[in-house]
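Sequence lines, in order, name chains P and G. According to my numbering, the first sequence holds residues 23 to 479 in order. According to my numbering, the second sequence holds residues 23 to 479 in order. Glycine is no exception: its CB is placed at the ideal position from the N, C-alpha and C atoms. Have a look at the structure below before the remarks.
There are 2 protein chains.
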Amino acid sequence: MADTFEPQEIADRVLELAEQKKYNDIKRMLSEFNPVDLAEIMNVIDEDRLAIIYRLLPKELAADVFVEMDTDRQELLLSKFSDKEIKEVVGGLFVDDTVDIIEEMPAAIVKRILRQADKETREAINSILSYPEDSAGSIMTTEYVSLKEDVSVKDAFEKIRRTGVDKETIYTCYVTDTTRKLVGIVSAKTLLLSSPDDKISDIMETNVISVDTHTDKEYAAREIQRYGFLSIPVVDKENRLVGIITVDDAMDVLRDENSEDFSKMSAVTPSDKPYLKTSVFKIFLNRLPWLLLLMVSATFTSLIISRYENVLTGISITLFACIPMLMDTGGNAGSQSSVTIIRSIALGETVPKDIGKVLWKELRISFMLGAVMSVVCFGKLMLIDRLYNPMDALTALTVSLALFITIIIAKVIGCTLPLLAKAVKLDPAVMASPFITTIVDALSLIIYANIALAILN
Amino acid sequence: MADTFEPQEIADRVLELAEQKKYNDIKRMLSEFNPVDLAEIMNVIDEDRLAIIYRLLPKELAADVFVEMDTDRQELLLSKFSDKEIKEVVGGLFVDDTVDIIEEMPAAIVKRILRQADKETREAINSILSYPEDSAGSIMTTEYVSLKEDVSVKDAFEKIRRTGVDKETIYTCYVTDTTRKLVGIVSAKTLLLSSPDDKISDIMETNVISVDTHTDKEYAAREIQRYGFLSIPVVDKENRLVGIITVDDAMDVLRDENSEDFSKMSAVTPSDKPYLKTSVFKIFLNRLPWLLLLMVSATFTSLIISRYENVLTGISITLFACIPMLMDTGGNAGSQSSVTIIRSIALGETVPKDIGKVLWKELRISFMLGAVMSVVCFGKLMLIDRLYNPMDALTALTVSLALFITIIIAKVIGCTLPLLAKAVKLDPAVMASPFITTIVDALSLIIYANIALAILN
Numbered sequence: 023m024a025d026t027f028e029p030q031e032i033a034d035r036v037l038e039l040a041e042q043k044k045y046n047d048i049k050r051m052l053s054e055f056n057p058v059d060l061a062e063i064m065n066v067i068d069e070d071r072l073a074i075i076y077r078l079l080p081k082e083l084a085a086d087v088f089v090e091m092d093t094d095r096q097e098l099l100l101s102k103f104s105d106k107e108i109k110e111v112v113g114g115l116f117v118d119d120t121v122d123i124i125e126e127m128p129a130a131i132v133k134r135i136l137r138q139a140d141k142e143t144r145e146a147i148n149s150i151l152s153y154p155e156d157s158a159g160s161i162m163t164t165e166y167v168s169l170k171e172d173v174s175v176k177d178a179f180e181k182i183r184r185t186g187v188d189k190e191t192i193y194t195c196y197v198t199d200t201t202r203k204l205v206g207i208v209s210a211k212t213l214l215l216s217s218p219d220d221k222i223s224d225i226m227e228t229n230v231i232s233v234d235t236h237t238d239k240e241y242a243a244r245e246i247q248r249y250g251f252l253s254i255p256v257v258d259k260e261n262r263l264v265g266i267i268t269v270d271d272a273m274d275v276l277r278d279e280n281s282e283d284f285s286k287m288s289a290v291t292p293s294d295k296p297y298l299k300t301s302v303f304k305i306f307l308n309r310l311p312w313l314l315l316l317m318v319s320a321t322f323t324s325l326i327i328s329r330y331e332n333v334l335t336g337i338s339i340t341l342f343a344c345i346p347m348l349m350d351t352g353g354n355a356g357s358q359s360s361v362t363i364i365r366s367i368a369l370g371e372t373v374p375k376d377i378g379k380v381l382w383k384e385l386r387i388s389f390m391l392g393a394v395m396s397v398v399c400f401g402k403l404m405l406i407d408r409l410y411n412p413m414d415a416l417t418a419l420t421v422s423l424a425l426f427i428t429i430i431i432a433k434v435i436g437c438t439l440p441l442l443a444k445a446v447k448l449d450p451a452v453m454a455s456p457f458i459t460t461i462v463d464a465l466s467l468i469i470y471a472n473i474a475l476a477i478l479n
Numbered sequence: 023m024a025d026t027f028e029p030q031e032i033a034d035r036v037l038e039l040a041e042q043k044k045y046n047d048i049k050r051m052l053s054e055f056n057p058v059d060l061a062e063i064m065n066v067i068d069e070d071r072l073a074i075i076y077r078l079l080p081k082e083l084a085a086d087v088f089v090e091m092d093t094d095r096q097e098l099l100l101s102k103f104s105d106k107e108i109k110e111v112v113g114g115l116f117v118d119d120t121v122d123i124i125e126e127m128p129a130a131i132v133k134r135i136l137r138q139a140d141k142e143t144r145e146a147i148n149s150i151l152s153y154p155e156d157s158a159g160s161i162m163t164t165e166y167v168s169l170k171e172d173v174s175v176k177d178a179f180e181k182i183r184r185t186g187v188d189k190e191t192i193y194t195c196y197v198t199d200t201t202r203k204l205v206g207i208v209s210a211k212t213l214l215l216s217s218p219d220d221k222i223s224d225i226m227e228t229n230v231i232s233v234d235t236h237t238d239k240e241y242a243a244r245e246i247q248r249y250g251f252l253s254i255p256v257v258d259k260e261n262r263l264v265g266i267i268t269v270d271d272a273m274d275v276l277r278d279e280n281s282e283d284f285s286k287m288s289a290v291t292p293s294d295k296p297y298l299k300t301s302v303f304k305i306f307l308n309r310l311p312w313l314l315l316l317m318v319s320a321t322f323t324s325l326i327i328s329r330y331e332n333v334l335t336g337i338s339i340t341l342f343a344c345i346p347m348l349m350d351t352g353g354n355a356g357s358q359s360s361v362t363i364i365r366s367i368a369l370g371e372t373v374p375k376d377i378g379k380v381l382w383k384e385l386r387i388s389f390m391l392g393a394v395m396s397v398v399c400f401g402k403l404m405l406i407d408r409l410y411n412p413m414d415a416l417t418a419l420t421v422s423l424a425l426f427i428t429i430i431i432a433k434v435i436g437c438t439l440p441l442l443a444k445a446v447k448l449d450p451a452v453m454a455s456p457f458i459t460t461i462v463d464a465l466s467l468i469i470y471a472n473i474a475l476a477i478l479n
């Protein structure tokens, strides 16, 4: 089904039925879909009809659909909802999702949401909102199943049956002592495969891996991935359990972090909306400062060219024609290394103290690459380029030698800068191709000119 | 704990204890760790001692540790294992993990593994191996809980208790009819919250989202993410259930796909091993062909420069000094668009038929960017660059105008190529910065020279 799922087509059919007031047909049609797909349909429904159609959704799905909708759609609905409707939706949401929504809404709506939430939920919302942005605490939920050590499996099941419907997951239960300290975990699988009289303390896993409320959320998400968990507990400084992060949220965190890295690596300020839904002006603003910065820093390269212009053209006009090839290859060689290292840092595989290992590795690789590339370059110059440019062996040698050194320098800079950035807590992703290219451009030109002076003068 | 987890330190302590033959201390020490962490310890243990230490692992964890270890370590152990040990490990693995291992092992070891697997497992292995690489079928597992429609919740729990220990997940159960066709799903949560006498057919969800065995595995993984599933069913052409993919495997697929995209976008052949564990020669081979290809294609740029060299230098030497700035800005502008679109395609947000929308968007953005950039460039040339280069308003106008057009062309090419690649089933990620830069370089030079001729001649 998903292959051919076209939200716009379904939205059109829904609106058509709405024109004819065939509301029961709409209800029947919508009941066929998963909440995620329903949210996509709601996202493209005509704004004037949105509230009417939304109210036709099956009651038990309404909140699940709401949480998946675009922010502007949520805002539109909330502004039209009665207090009772707000209470229903908020009551059907998990706390972490409510927090996500609150963070995007204007103050007036936030106030209404908080007024409609019960006391416990309001406290949970405020506690999650109090954690720093991008921390594990800021994305956790407080709706987990907690068990005491001394209860039996039978009692545990009873508690799950009684409270489980409101929990974000019941598949990993968290065992806490009387001071709310996390002492173990037990999976629903273990519970099911144990005998009803077993004590939780006898069947629980005590080597619990947890994260701190202030841990970076990306780190928490990677821990879930690394261990193949369905959820990870979040504890405070005293190891008291305060929440959990579930695997679906971890996947979203990782997707967003990856998208941010892709943006930064191509010199764009990350956007939290899909490309087609971001406004032209917003994209313009996300791109402009980087292009400006890089253009201004290229002034440096122009300066170098001007400085060596007479030198180079004085020797051979051919040297000039090779500048773009030299600069591009340097940029490419540098970005090969920088992107590899940036990714490796993001995955937690490489840390700043590996810098020695990384440098030694890149040095060997760049010698091999430099050697092959410069030999090929020499051959290319003598066989192909000579067809349209005056070329002699010494000129070809100059270009090849400059290429060799450029590749080595590009790779050394490319692997070093991201690690240095990480060491001083900057984002390594910013040290990708564009910046490296600018630096390598300038350096390669200086080297080129000096080699030319040494060999050809 | 995970923050300070240092596999090498623990491995050293283990080896120290092994020297002193304190095997019980080692056992106690190792029992504190999660299988994933144990695998990392095994990965750095001295090769000669690996088999001895591995055999000290708690029996119930041995297979879980094995599956997480590096391939070369697995091969080493398998080559030292007795048939009985192989049987034990394979018996403790899920089928999809066994297939992953088999795909990496030499024929002799594969033969031994298959001989030690029971008939059912062997058949499952062969069926998974028969699906195309990168298909959903190739990464699924056949160990799921299937239920019949007419059984009661009580009977379902009995079946789960009886067979659940060997299933990759028991949290989503799959309901099939007598012809093995998938007719519904029921979560363990629903089962737990239902009464024991309820019939499965009354509580199951019938709008099942599934993927086909031949669906791309990345698509299957993104569906799991999109819907927040713990697993997704894989069906054959007749909608018969043949396997499932679990969320942990989906996360790994997405991580690897992201890493591949990062590699391709920086002109590197993707590697399936972490950077620090890949050999220098292998990295060299992954990088060389792309650098060579890009260097050779830069010949084209040299050709253009040679063609216009006399024209440009004849007019003003300053024009030459601005070439790198022009080329770099064009490259950056192009890669901003291409990387944004490539990512958007990877996330399934943009498809080739959106090309009209994308082009219109990029055109507006590039006009805005081009306008601001060329004004700033003009100012920079007249205020800063004139300090070291002869500069007049007409020259500055030439450069700024060329910059304006270059940015527009770069963005149009940058957004078009990835979509075209996708349309003809090529990998959009290859259409990233390096290739775009090469094309934009050449075009921007031609434009530059012609504008110069028109304005300054």
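{"Asked": "CB of GLY159/G within 8 Å of CB of ILE147/G, strictly", "Found": "no"}
{"Asked": "Residue-chain proximity (GLU240/P, chain G), Cβ-Cβ < 8 Å", "Found": "no"}
{"Asked": "GLU331/G: contacting residues in chain P (beta-carbon distance under 7 Å)", "Found": "ILE339, PHE342, ALA343"}
{"Asked": "Where LYS1/P sits in the DSSP three-state scheme", "Found": "With chain P running from 23 to 479 in the structure shown, residue 1/P is simply not present."}
{"Asked": "Environment of GLN30/G [buried if 16+ CB atoms lie within 10 Å]", "Found": "exposed"}
{"Asked": "Per DSSP, the bridge partner or partners of ILE461/G", "Found": "Paired residues: none, contrary to the question."}
{"Asked": "Supposed close pair VAL187/G, LEU215/P - CB separation, criterion 8 Å", "Found": "6 Å"}
{"Asked": "Cutoff 8 Å: GLN96/G Cβ touching any chain P Cβ", "Found": "no"}
{"Asked": "Buried versus exposed, by CB contacts within 10 Å (16 or more), ASN56/P", "Found": "buried"}
{"Asked": "Opening and closing residue of the alpha helix (DSSP H) in which THR212/G lies", "Found": "210–215"}
{"Asked": "Residues of its chain near LEU108/G, where Cβ-Cβ distance is below 8 Å and the 5 sequence neighbours each way are ignored", "Found": "Looking at the sequence provided, one finds Ile at residue 108/G rather than Leu. Result list for ILE108/G: LEU100, ARG134, ILE135, GLN138, in chain order."}
{"Asked": "Alpha-carbon spacing of ILE67/G relative to GLN96/G, whole angstroms", "Found": "13 Å"}
{"Asked": "Members of the stretch 374–393 of chain G near chain P, C-beta cut-off 7 Å", "Found": "ASP376, LYS379, LYS383, ARG386, ILE387, MET390, LEU391"}
{"Asked": "Chain P residues whose Cβ lies nearer than 9 Å to that of THR372/G", "Found": "PRO296, TYR297, LEU298"}
{"Asked": "Whole-angstrom distance between GLY265/G and ALA242/G, CA atom to CA atom", "Found": "13 Å"}
{"Asked": "Cβ shell of ALA24/G (< 6 Å), same chain only, five flanking positions each side left out", "Found": "Bear in mind that a pLDDT of 43 at ALA24/G, under 50, signals an unreliable position, so the number given afterwards is only what the model happens to contain. There are no such residues."}
{"Asked": "Reduced DSSP secondary structure (H/G/I, E/B, other) of ASP449/P", "Found": "coil"}
{"Asked": "Burial state of GLN42/G (16 or more Cβ within 10 Å)", "Found": "exposed"}
{"Asked": "CYS399/G (DSSP reduced to helix, strand or coil)", "Found": "helix"}
{"Asked": "GLY392/P, buried or exposed, once every other Cβ within 10 Å from all chains shown has been counted against 16", "Found": "buried"}
{"Asked": "For PHE303/P and SER396/G, the rounded distance between their alpha carbons", "Found": "18 Å"}
{"Asked": "Minimum Cβ-Cβ distance from SER157/G to chain P less than 8 Å", "Found": "no"}
{"Asked": "Distance between LEU276/G and VAL173/P (C-alpha atoms, nearest Å)", "Found": "40 Å"}
{"Asked": "Which listed residue (PRO255/P, GLU260/P, ASN261/P) has its alpha carbon closest to that of VAL269/P", "Found": "PRO255/P"}
{"Asked": "Residues sharing a beta bridge with LEU204/G, DSSP", "Found": "THR198/G"}
{"Asked": "Inter-stretch contact at 8 Å, needing at least 3 Cβ pairs: the stretch 427–438 of chain P / the stretch 372–386 of chain P", "Found": "yes"}
{"Asked": "Secondary structure of ASP234/P, DSSP reduced to three states", "Found": "strand"}
{"Asked": "Residue(s) in a DSSP beta bridge with ARG50/P", "Found": "According to DSSP, ARG50/P bridges with nothing at all."}
{"Asked": "Beta-carbon proximity list for ASN261/G, same chain, < 7 Å, skipping 5 on both sides", "Found": "LYS203, LEU204"}
{"Asked": "VAL117/G - DSSP class collapsed to helix/strand/coil", "Found": "helix"}
{"Asked": "Below-8 Å beta-carbon distance, MET23/P vs any chain G residue", "Found": "The predicted position of MET23/P is uncertain, since its pLDDT is 39 and thus under 50; a value taken from the coordinates is nonetheless stated next. MET23/P counts as touching chain G."}
{"Asked": "CB contact below 8 Å: LEU416/G versus chain P", "Found": "no"}
{"Asked": "Within 8 Å of chain G by C-beta, residues of the stretch 192–221 of chain P in sequence order", "Found": "ILE192, TYR193, ALA210, LYS211, LEU214, LEU215"}
{"Asked": "Distance, SER357/G Cα to ILE18/G Cα", "Found": "This structure cannot settle anything about residue 18/G, because the visible part of chain G is limited to 23 through 479."}
{"Asked": "Partner residues on chain P for VAL302/G, Cβ-Cβ distance less than 7 Å", "Found": "LYS383, ARG386, ILE387"}
{"Asked": "Interface flag, PHE284/P vs chain G, CB-CB below 8 Å", "Found": "yes"}
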